[in-house]
Amino acid sequence: MEISEQQKNNKNNNCSRFSGPNCLLFQNSQCFLLLCDAVFSGPDEQARHRFQAELEFVQCLANPYYLNFLAQRGFLKERPFINYLKYLLYWKEPEYSKFLKYPTCLHMLELLQYEHFRKEQVNAQCAKFIDEQQLLHWQHYSRKRTRLQQALAEQQQAQQPPQPHGNAAAK
C-alpha cells in the first residue's frame, strides 16, 4: 500500500477519522483505510504491523460496546467496511486463530456478516444483552468444561476392556 506525500500531508482531507493506538482509520465516501505507523516503513515491518493492526481490530469485535460504537457511527452500513469484515474471515483459519486471545471475536465476526445482526448493533440494549451473555458464559465455562471432561473420561473408561491381572498377561 503506497501513499503519496500529498496523501500523507492531507490525511484529514474529506475524511472522518478514528484514532487508535498507533493507527488511524480514515473514512470517506468510497473507502476505509487503516493507517499504521508501519505504512511508512519497509515491507517486512509493514506486513508485521498490518498483522498486528488486523489482529487488534478483530479482537475488538469481541466487545459488544465497540460494535455498538461502530453501528452508531454508521460503519456497519457502509459497503466497503462490510467487505473489510468479510475479508477478515481469514482469521478463522487455524494458522491465524491461534494468535487470538478472545475467541468470541470470531463468533462476532461471523455474526457481522449478517445484515440483521449489523442493524441490531445500533441498539444499546443489544450490546448490553450480548455483554451479559458473554459474562454468563465466562462465569460458567470452566465448570461446564470440567463436567464434560469428566463425563468423557468415564465414558472412555467404560469402553475399554478390562486389563488382565498378574501373570495372566505374561502367558
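With the numbering used here applied, the sequence shown closes on residue 226, and no number is skipped along the way.
The C-beta atom is built at its ideal place from N, Cα and C for all residues, glycine as well.
Residue environment: Glu175 is assigned as buried (16 or more neighbouring CB atoms within 10 Å of its CB, all protein chains considered). Short of 7 Å from the beta carbon of Cys181, and not among the five residues preceding or following it, lie these beta carbons of its own chain, in chain order: Glu175. Going by C-alpha positions, Leu143 is about 21 Å away from Gln127. For Tyr121, same chain residues with a beta-carbon under 6 Å away, outside a window of 5 residues either side, are Cys115 in chain order. For Tyr145, no alpha helix (DSSP H) run applies, since DSSP gives it neither H nor E. Within the same chain, Leu131 come within 6 Å of Leu125 by CB-CB distance, once the 5 residues on both sides are set aside.
For Phe154, the secondary structure class from DSSP, reduced to helix, strand or coil, is coil. Note that the C-beta distance between Ala206 and Cys160 is not below 8 Å. Excluding five sequence positions before and after Arg173, the CB atoms of its chain that fall closer than 8 Å to its own CB belong to Ala126, Leu131, Lys132, Ile137 and Leu167, given in chain order. Taking C-alpha positions only, Tyr157 is separated from Pro216 by approximately 41 Å.
Only residues of its own chain outside the window of five on either side were considered, and among them Phe154 have a CB closer than 7 Å to the CB of Leu110, listed in chain order. Comparing alpha carbon positions, the residue from Asn123, His171, Gln212 and Pro98 closest to Asp186 is Asn123. Taking C-alpha positions only, Thr201 is separated from Glu209 by approximately 12 Å. By the CB criterion at 8 Å, Tyr145 and Tyr151 fall inside the cutoff.
Boundaries of the alpha helix (DSSP H) harbouring Ala179: Ala179 to Gln214, taken from the DSSP string.
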